[in-house]
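Have a look at the structure below, then the notes.
Number of protein chains: 2
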Amino acid sequence: MQDIKVGLIGFGTVGQGLAETLHSQENRLTKRTGMKIGIKTIADTRARALPAHLEHIHLTQDARDILADPEIDIVVELIGGMEPAKTFLLEAIAAGKHVVTANKALLAQTGSEIFRKAAEKGVAVGFEASVGGGIPVIKALREGLVANRILAISGIMNGTANYILSRMTDEGIPFAEVLAEAQKLGFAEADPSYDVDGIDTAHKLAILMSMAYGIHITNREISTEGIRNIEPVDIEMAREFGFRIKLLAISRNHGEHVEARVHPTMVPGDKLLASINGAYNAIQFKGDCVGDILLCGLGAGKMPTGSAVAADVVDIARDIACNSVGRVPPLSYQLSQFAPRRITGMDELFGPYYFRFTVKDEPGVLASIAGVLSAQGISIASVIQKGRRGQEAAVPLVILTHAARESDVEQALTRIGKLDAVLAPVVKIRILEQEQ
Amino acid sequence: MQDIKVGLIGFGTVGQGLAETLHSQENRLTKRTGMKIGIKTIADTRARALPAHLEHIHLTQDARDILADPEIDIVVELIGGMEPAKTFLLEAIAAGKHVVTANKALLAQTGSEIFRKAAEKGVAVGFEASVGGGIPVIKALREGLVANRILAISGIMNGTANYILSRMTDEGIPFAEVLAEAQKLGFAEADPSYDVDGIDTAHKLAILMSMAYGIHITNREISTEGIRNIEPVDIEMAREFGFRIKLLAISRNHGEHVEARVHPTMVPGDKLLASINGAYNAIQFKGDCVGDILLCGLGAGKMPTGSAVAADVVDIARDIACNSVGRVPPLSYQLSQFAPRRITGMDELFGPYYFRFTVKDEPGVLASIAGVLSAQGISIASVIQKGRRGQEAAVPLVILTHAARESDVEQALTRIGKLDAVLAPVVKIRILEQEQ
Chain V
174 MQDIKVGLIG
184 FGTVGQGLAE
194 TLHSQENRLT
204 KRTGMKIGIK
214 TIADTRARAL
224 PAHLEHIHLT
234 QDARDILADP
244 EIDIVVELIG
254 GMEPAKTFLL
264 EAIAAGKHVV
274 TANKALLAQT
284 GSEIFRKAAE
294 KGVAVGFEAS
304 VGGGIPVIKA
314 LREGLVANRI
324 LAISGIMNGT
334 ANYILSRMTD
344 EGIPFAEVLA
354 EAQKLGFAEA
364 DPSYDVDGID
374 TAHKLAILMS
384 MAYGIHITNR
394 EISTEGIRNI
404 EPVDIEMARE
414 FGFRIKLLAI
424 SRNHGEHVEA
434 RVHPTMVPGD
444 KLLASINGAY
454 NAIQFKGDCV
464 GDILLCGLGA
474 GKMPTGSAVA
484 ADVVDIARDI
494 ACNSVGRVPP
504 LSYQLSQFAP
514 RRITGMDELF
524 GPYYFRFTVK
534 DEPGVLASIA
544 GVLSAQGISI
554 ASVIQKGRRG
564 QEAAVPLVIL
574 THAARESDVE
584 QALTRIGKLD
594 AVLAPVVKIR
604 ILEQEQ
Chain Z
174 MQDIKVGLIG
184 FGTVGQGLAE
194 TLHSQENRLT
204 KRTGMKIGIK
214 TIADTRARAL
224 PAHLEHIHLT
234 QDARDILADP
244 EIDIVVELIG
254 GMEPAKTFLL
264 EAIAAGKHVV
274 TANKALLAQT
284 GSEIFRKAAE
294 KGVAVGFEAS
304 VGGGIPVIKA
314 LREGLVANRI
324 LAISGIMNGT
334 ANYILSRMTD
344 EGIPFAEVLA
354 EAQKLGFAEA
364 DPSYDVDGID
374 TAHKLAILMS
384 MAYGIHITNR
394 EISTEGIRNI
404 EPVDIEMARE
414 FGFRIKLLAI
424 SRNHGEHVEA
434 RVHPTMVPGD
444 KLLASINGAY
454 NAIQFKGDCV
464 GDILLCGLGA
474 GKMPTGSAVA
484 ADVVDIARDI
494 ACNSVGRVPP
504 LSYQLSQFAP
514 RRITGMDELF
524 GPYYFRFTVK
534 DEPGVLASIA
544 GVLSAQGISI
554 ASVIQKGRRG
564 QEAAVPLVIL
574 THAARESDVE
584 QALTRIGKLD
594 AVLAPVVKIR
604 ILEQEQ
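Chains as they are written, first to last, in this note's numbering: chain V, 174 to 609; chain Z, 174 to 609.
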């Protein structure tokens, strides 16, 4: 029986999840694959001992013990961050080992180098766990939807941000309070910026766009806006209009150019994405043949992510056994077919908007604002003005527009921002177009 | 460049979808796979000509022209039904050709023979399109969730039944009326029994159970109940209790035995399955590592199903190119590892129930019925009695129970059915347990 040996670098949450998964599923995997697949060595600079049921695994503080071991077929990198993760991955590839990683930051920033070097060495790169945690989203896009032109990607790709927005929505608690509580409970990092500022979501979108369109793109090319400025009043207003606010990654394929953006979005309540709550992720693809496909599940966590890493290990083990490494190009297209594509400028976007103005409660304010919008060719769909508390109090004025060009919106908002009656910066939230 | 030649038997809706997909995606598939993949011959007893853009394909009335052609690598069967589909598939396998089918009825009834013969000949069997139309559900279960013990399957697997229930729910129209309209619009067959009596759903559940558990099971072992008896009053009552009625396939893995059932189900409104409407399908797996994964998309139709068949063709083409046929066992487990498993008796089920009694509007009726339920150890959660119109009129009495054993329920309902005040057969609808 073929015996596939894995070296695991990084024994944090996901690393432990992988070790638990491969241990608990050992017999099942043999019944499915006809192979024995197990971890030979774990390298972690901090780990001093392994749990009793994993004691047959060799523990080392030095990743080079894995990289230099000729018996190890597959190296799994679960350290995260840029270095030393990148060095270890490149050394593993140079040593002719297949690699698996969940490191979306690394792939979104220097993926093209990693995939090129792996192709040159003829080794596999697995990265299912980098997007959507346990959801088999990479495999679905690369293989299940292979016979589709991908027209759009949209999704909730960060469980922490979605958890925070869900609690804000359900309980009316302000952002800072939910974040503090999530940090105390371990659902959010001490430095939450990757999650709440949309950076992690942009990493994931970059990976999916590479595969969907056959383009090299880094997260730096993705317009990224987080959820720190969302206030309970926005969530309340969203509810009145039948929306829920979600942090979405969105890309639409316009042929010559493709959209690439991450921002809080008003999602119509009848869309499935509006019903994805808590730590769940959901990723939706629109294919020209298949229509809309939505995949939903836990986007993070020890065992879900461990399960996705294990699926990559099994996939590569099968290719080793069949001598078929390279059977499916990791990024869906062959690297030689990758071609540049312009990213749609944000000023070119065309869609409906939610604006919340903080204005003086005096006559004529709505008329002035509406006048500026109208002069810019922006058509108003709905207005809510509430909470009149006297002449000088600041009151919210909420306006929903029909589809408008973002460049027109920006010009109008700049002019409106200069009006005497406007007391604070405007809050602008894009509304998900119905066609998506 | 490797040139993979496909023979297509059956040029109906899905066959046309496959031909359109492979034609429209030809360049994209080459950029992805490095191969040329195309249809060489189409066999259909009724087709007399192909559309202009498919004129390079050979058209024949005789499937044997495909089966006897040594140039053809992959035979796609899209006739449907038992014969001659089965004969063609077995002849193709005997001729050493790889096969792809969307024929869930055939696989659910004689799949074990087909998979065994294919394994003996060393040829591949693709059947992604047999469950969930365009949704890559087979690949997700077999490969994405490979490192999971599957604890439960639940899903909406028939778009026609879901369309009918959705319209009944949204518009309050009775079953027969929606069905007649769906038939007129071509959404439902002239003989709708496969769709509305749950048979098609049972076929699909049998296929998923085979893969999830490594067992041979046919749809005849699956308790199957359709939606013909659902009345607008049940949908209205469901709404009052926060449920939506869906035709679900359900299997839960109890280790020594596994549940296998298809029936209308009260789904709590906060579950994603409750929000899957119209012709959409959604299939949910619970894995011991990954938790709940839900996949949603169009469960039927020319292009979505064509896209799934094309994905199978590409998968097999890759295995041909890499000489890696058999890399993944089609039913997830190796056939040698298949083992029998007892199917849970319906009388062993334990869960909450919805009952609608049609009773005389007279004092003491509720007391008698509640007394019988109580004597059988069935605990009442809620009661609605409405529409009193005078002493002799029949009125609906609706009772929701806490979790109860189905054998107790059946005994209680038999006794209640004999009460003088009960005027019509009771309607019993199972409620989806919250843990799912």
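Glycine is no exception: its CB is placed at the ideal position from the N, C-alpha and C atoms.
Per DSSP, the unbroken beta strand (DSSP E) holding V568/Z starts and ends at 567–574.
Within the stretch 301–333 of chain V, the residues whose Cβ lies closer than 8 Å to any Cβ of chain Z are, in chain order, E301, G307, I308, P309, K312, A313, E316, G317, L318, V319, A320, N321, R322. Distance between N426/V and I403/Z, taken at the CA atoms: about 43 Å.
At a cut-off of 9 Å, the C-beta of L181/V has no neighbouring C-beta in chain Z. Runs of the beta strand (DSSP E) lying entirely within the stretch 378–403 of chain V and spanning at least 3 residues: none are present. Per DSSP, reduced to three states, the secondary structure at G460/V is strand.
Ranked by Cα distance from T186/Z, the first of T478/Z, V582/Z, I557/Z is T478/Z. Residues H389 of the same chain have their beta carbon placed closer than 6 Å to that of S285/V, with the five preceding and five following residues left out of the count. Cβ neighbours of L570/V within its own chain (closer than 6 Å, five residues either side excluded): F530, V532, Q558.
For T194/V, at least one C-beta of chain Z is nearer than 9 Å to its own C-beta. L318/Z and S480/V have their alpha carbons spaced roughly 7 Å apart. Around the beta carbon of G537/V, a 10 Å sphere encloses fewer than 16 other beta carbons of the protein chains shown; the residue is thus reported as exposed. Using a 10 angstroms sphere on the CB of A512/Z, the tally of other CB atoms stays under 16, which defines it as exposed. With a threshold of 16 other beta carbon atoms within 10 Å, H271/Z meets it and is buried. In the structure shown, D465/V falls within a strand segment according to DSSP collapsed to helix, strand and coil. From the listed residues T333/Z, A379/Z, Y506/Z, the smallest Cα separation to R401/Z is found for T333/Z. Spatial neighbours of R417/Z in its own chain (CB-CB distance under 7 Å, excluding positions within 5 residues in sequence) are listed in chain order as T342, A411, V440, G442, A447. The beta carbon of H196/V is closer than 7 Å to those of H226, L227 in its chain, skipping five residues each way along the sequence. As computed with DSSP, N454/Z is found in a beta bridge with G470/Z. At a cut-off of 9 Å between beta carbons, D461/V contacts chain Z.
Secondary-structure assignment with DSSP links L232/Z through a beta bridge to I215/Z. Burial state of R205/V is buried, judged by a 10 Å Cβ sphere holding 16 or more other Cβ atoms. At a C-beta separation below 9 Å, D217/Z has no neighbours in chain V, since its nearest C-beta there lies roughly 21 Å away. Excluding the 5 residues flanking it on each side, P309/Z has same chain C-beta neighbours closer than 8 Å at E301, L468, A481, A484, in chain order. Exposure of E535/V is indicated by the presence of fewer than 16 other C-beta atoms within 10 angstroms of its C-beta. Under the Cβ distance rule, G254/Z does not count among the residues neighbouring chain V, no pair being separated by less than 9 Å.
Separation of A278/V and K475/V (C-alpha to C-alpha, rounded to the nearest whole angstrom) is 18 Å. When the alpha-carbon of D461/Z is set against those of G307/V, G269/V, P243/V, R289/V, the nearest one is in G307/V. Residue state for G317/Z is assigned as helix, using DSSP reduced to three classes. Legend: CB atoms of the stretch 464–497 of chain V lying less than 7 Å from CB atoms of chain Z belong to residues G464, D465, I466, L467, L468, C469, G470, L471, M476, P477, G479, S480, A483, A484, V487, D488, R491, C495, S497. Per DSSP, the beta-bridge partners of K419/V are T438/V. Not flagged as an interface residue toward chain V: T342/Z, since no C-beta distance is shorter than 9 Å.
In the structure shown, N200/Z adopts helical secondary structure according to DSSP, grouped into three states. The three-state secondary structure of N426/Z, taken from DSSP, is strand. At a cut-off of 4 residues, the continuous stretches assigned as alpha helix (DSSP H) that sit fully inside the stretch 304–377 of chain V are 332–344, 348–358, 366–369.
Nearest CB-CB separation between G190/Z and chain V: below the 9 Å threshold.
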